[in-house]
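This report concerns only the one structure given below.
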Amino acid sequence: MTKCTTEKEINFCGECPEYPCAELKAFQVQMPHRIELWKSLERIREVGYEKWYAEMIEHYSCPACRTLNSAYAKS
Numbered sequence: 002m003t004k005c006t007t008e009k010e011i012n013f014c015g016e017c018p019e020y021p022c023a024e025l026k027a028f029q030v031q032m033p034h035r036i037e038l039w040k041s042l043e044r045i046r047e048v049g050y051e052k053w054y055a056e057m058i059e060h061y062s063c064p065a066c067r068t069l070n071s072a073y074a075k076s
């Protein structure tokens, strides 16, 4: 997908007129937890990358110490 966005000179899949394409759908289907992919791309389209990124930092940071955690961290 990186190659595709580079060739099309776009920043992310949500900017593409072909969104959501077969390649992106195939990527998501490989691992069902990637359903968040659609939510993230739609949110970027709604509010822009900068605001979405700030929201993700807030969401994945520990409320006590502000350490940024992986999306795969259990707690």
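Using our numbering, you'd call the opening residue of the sequence shown number 2 and step up by one each time. Positions of the beta carbon are idealized from the N, C-alpha and C atoms, including for glycine.
| Query | Result |
| --- | --- |
| Please determine, among H34, R46, I11, C5, the residue with the shortest C-alpha to C-alpha distance to A23. | C5 |
| Which residue wins for smallest C-alpha separation from R121, given the options C66, G15, V30, A55? | The question about residue 121 has no answer here: the residues shown for the chain are numbered 2 through 76. |
| Helix, strand or coil for S41 per DSSP? | helix |
| Out of curiosity, what's the CA-to-CA distance linking V48 and C17? | 16 Å |
| Can the beta-carbon of Q1 be found closer than 7 Å to that of L42? | Shown here, the chain extends from 2 to 76; a query on residue 1 therefore has no answer. |
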